[in-house]
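Colleague:
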């Protein structure tokens, strides 16, 4: 038992030594798609939050993150629509927890420049959903989408999917990553169509310790 406790303490100490807490922020290019062939245009938004990076083995890292992230899409109605709307911006704001597992290597070079490649699951909770109508005359109107799983609702609250990550770590504490969230849950409450989110992001991350 004593040997087991010592081994656990050593392992815990190793994880602490090689763990990094950081902050991250980035630009989102998001849209959602339907299974009926129609597709929305991209919506530009942002994300930001906290990351935790720890070493699992020599070449593998685990980097969970908790972020606020904006998703959604832009739709363009016919130019002769009776409401005079030029476009709709459908903004979906989530609190998201991602958990990618990352292969990290310097390809035999300097440890001050390493490369990341990985993937992992994410889960996101929809905290607000807003439809903004921008009209040809320059005026705008807004309304909140109904969130839930009832017959009168428009978006389900919970989303989940996969996050794909590629990027570089510079000087061991600055990360630049390209990420893609692929939503796997149908967010249409009434199952009239299948609606899935998608989001590209370019993020800059600063880790507080090397």
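Numbering (mature numbering (1 follows the signal peptide of the UniProt record, and there is no 0)), first residue to last: -19 to -1, 1 to 191. Positions of the beta carbon are idealized from the N, C-alpha and C atoms, including for glycine.
1) How about residue 96: is its Cβ closer than 8 Å to a heavy atom in the ligand NAD?
2) Counting along the chain, where does the beta strand (DSSP E) carrying residue 77 start and finish?
3) Are there 16 or more other CB atoms within 10 angstroms of the CB of residue 91, so buried, or fewer, so exposed?
4) Mind checking residue 86: buried by the 16 CB within 10 Å criterion, or exposed?
5) Ignore the nearest five residues each way along the sequence and tell me which others in residue 93's own chain have a CB closer than 8 Å to its CB.
6) Is it the case that the Cβ atoms of residue 81 and residue 145 are separated by a distance below 9 Å?
7) Take residue 36 as the anchor and find which of 101, -2, 176, 76 has the nearest alpha-carbon.
8) Are the Cβ atoms of residue 149 and residue 156 separated by less than 9 Å?
9) With distances taken from CA atoms, which of 116, 65, 74 is nearest residue 178?
10) Helix, strand or coil for residue 38, going by three-state DSSP, please let me know.
11) Do residue 67 and residue 106 have their CB atoms nearer than 9 Å?
12) With DSSP as the reference, identify every bridge partner of residue 140, one or two as the case may be.
13) How long is the line joining the alpha carbons of residue 180 and residue 2, rounded to whole angstroms?
14) So who's on the other strand from residue 83, going by DSSP bridges?
15) May I ask you to report which of helix, strand or coil DSSP gives residue 199?
16) Please determine, among 103, 132, 160, the residue with the shortest C-alpha to C-alpha distance to residue 142.
17) When the Cα atoms are used, what is the spatial distance from residue 61 to residue 172?
18) Looking only at DSSP bridge pairs, what is residue 8 linked to?
19) List the residues that DSSP assigns as beta-bridge partners of residue 54.
20) Under DSSP, the beta strand (DSSP E) around residue 123 begins and ends at which residues?
21) Going straight from the alpha carbon of residue 122 to that of residue 111, what length do you get?
Modeller: On the basis of the supplied data:
1) Because no ligand of any kind appears in the structure shown, any question about the ligand NAD cannot be addressed here.
2) Residue 77 -> beta strand (DSSP E) spans 66 to 79.
3) Classification of residue 91: exposed, given that the 10 Å Cβ count is below 16.
4) Residue 86 is exposed by the Cβ-count criterion.
5) For residue 93, where only same-chain residues beyond five positions count, the Cβ hits under 8 Å are 151, 152, 153.
6) yes
7) -2
8) Contact: yes.
9) 74
10) coil
11) no
12) 105
13) Using only the alpha carbons, I get a separation of about 24 Å.
14) 42, 99
15) Since the first residue shown for the chain is -19 and the last is 191, residue 199 is missing from the structure and cannot be characterised.
16) 103
17) 29 Å
18) 27, 183
19) Per DSSP, 71.
20) 121 to 125
21) Answer to the nearest angstrom: the Cα atoms are 10 Å apart.
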